[in-house]
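**Q** Note that the working numbering has the sequence shown beginning at 1, numbered continuously upward.
Supplied in structure tokens, the structure appears directly below.
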Amino acid sequence: MQYKHIRIIEELSMNAWPSYKIELYDKWLIRFSHQYTYRTNCVEQIGLSEIDINTKIDYCEQIYSDYGTPCNFKINPIISEDFDPLLESRGYDIKHVTEVMTMSLAGFSIQPDHSVKVNISDTITDDWISGLFNINGTTNSLHKRIVPNMFKAIPKKTIVASVIKDDRLVASGLGILDRDALGIYAIYTDELYRGRGFAKAICTTIINRGIKLGAHYSYLQVVEGNIPAVNLYSSLGFKYDYTYWFRSKII
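Written out as structure tokens, the structure reads:
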């Protein structure tokens with residue numbers, strides 16, 4: 001497992017999903033988005049520390065305590081092996097274990113199912129975000145107010161996909177191009193429309209579009225235990241790469 005490879009994917013992932021607020025503290029990013037996702041509400045390490053580790057953890061705990069939310073730290077294979085046990089000793093629990101899957105796009109030949117009409121745009125619109133909220137069950141009024149700005153703050157080229165049935169968005173997907181990499185995000189299908197191949201059609205449409213725009217490889221993230229999603233991504237050629245998780249504590 002190569003340090004540089006994982007570091008790049010972690011960097012791409014941070015670019016792809018901005019937080020509502022970010023503080024840089026001694027090469028740690030303290031990210032906060034009113035608990036919309038773990039990834040945007042955690043501390044991520046981007047370099048070696050100069051300040052004492054326990055002092056830094058104390059500082060982060062105070063920040064999240066002031067926000068009134070749990071303190072979360074992202075644990076991935078390229079940070080110090082001593083850090084996860086340290087958090088465990090301080091009463092932090094493991095949350096939201098996630099598997100990263102990757103795929104070279106050289107020779108990718110799967111074409112979209114043309115019986116499924118996938119709409120593609122390069123702009124994240126309010127209508128797309130609203131449709132996404134309906135599918136993934138976002139009802140929190142604060143999230144509905146701040147998350148659209150987070151989507152629109154993505155600094156990279158986007159491939160925005162949707163399937164419309166009965167005059168509403170029933171399946172979604174988002175491709176994010178960064179350098180020669182294509183990140184696959186926001187793959188959702190309305191419960192009433194599952195089993196019709198919409199997610200696969202969206203993924204293949206995004207991938208083929210990404211290849212035309214210069215992507216050479218692709219990555220995605222899937223919560224551990226989501227077997228249907230893993231099966232779908234495996235059928236496209238994605239393979240397991242590495243695992244990350246979060247350590248969380250209510251302060």
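Every residue, glycine too, gets a C-beta built ideally from N, C-alpha and C.
Mind checking which residues open and close the alpha helix (DSSP H) that includes A215?
**A** No alpha helix (DSSP H) contains A215, which DSSP labels as neither H nor E.
**Q** Contact between the stretch 124-138 and the stretch 159-171 is defined here as three or more beta-carbon pairs at a separation below 8 Å; is this criterion met?
**A** The answer is yes - the stretch 159-171 touches the stretch 124-138, with three or more Cβ pairs under 8 Å.
**Q** Rounding to the nearest angstrom, what Cα-Cα distance links I110 and S49 in this structure?
**A** So the alpha carbons of these two residues sit roughly 45 Å apart.
**Q** State whether the stretch 81-99 contacts the stretch 111-120, with contact taken as three or more CB pairs (one from each stretch) at a distance under 8 Å.
**A** Not touching, per the Cβ criterion.
**Q** For my contact list, F73 and R247 are in at a C-beta cut-off of 8 Å; report their separation, rounded to the angstrom.
**A** Contact holds; Cβ gap of about 5 Å.
**Q** If you run the structure through DSSP and keep just helix, strand and coil, what is N136?
**A** Three-state DSSP puts N136 in a helix.
**Q** Take M14 and list the residues in its own chain whose beta-carbon comes closer than 7 Å to its own, dropping the five residues that flank it on each side.
**A** Closer than 7 Å at the Cβ level, and outside the excluded window around M14, lie E44.
**Q** Measuring only the C-alpha atoms, how far is G338 from L177?
**A** Within the shown structure, residues of the chain are numbered from 1 to 251, placing residue 338 beyond reach of any answer.
**Q** Could you give the DSSP three-state label for Y242: helix, strand or coil?
**A** Here Y242 sits in strand by DSSP.
**Q** If you check the beta carbons only, do G173 and Y188 fall under 9 Å apart?
**A** Contact: yes.
**Q** List the endpoints of the continuous alpha helix (DSSP H) containing L29.
**A** Here L29 belongs to no alpha helix (DSSP H); instead the beta strand (DSSP E) covers 28-32.
**Q** Please name the residue, chosen from D190, Y217, T98, that lies closest to I75 on a Cα-to-Cα basis.
**A** The shortest Cα separation from I75 among D190, Y217, T98 belongs to T98.
**Q** Roughly how many angstroms separate the alpha carbons of Y20 and D26, rounded to a whole number?
**A** Y20 and D26: Cα-Cα distance of roughly 20 Å.
**Q** Compute the beta-carbon to beta-carbon distance between L142 and H34, rounded to the nearest angstrom, for a pair I have assumed lies under 8 Å.
**A** Indeed they touch by this definition, with Cβ atoms about 5 Å apart.
**Q** Should E10 be labelled buried (16 or more other beta-carbon atoms within 10 Å of its own) or exposed?
**A** Burial call: buried.
**Q** Contact defined as beta carbons within less than 8 Å: I believe S235 pairs with L105. What is the distance between those atoms, to the nearest angstrom?
**A** So it is not a contact: roughly 15 Å between Cβ atoms.
**Q** So within the stretch 45-101, which uninterrupted beta strand (DSSP E) runs reach at least 3 residues, ignoring any that extend past its ends?
**A** Counting only runs of 3 or more, we get 71-75.
**Q** Looking at the unbroken beta strand (DSSP E) that takes in K157, where does it start and where does it end?
**A** First-last of the beta strand (DSSP E) with K157: 157-165.
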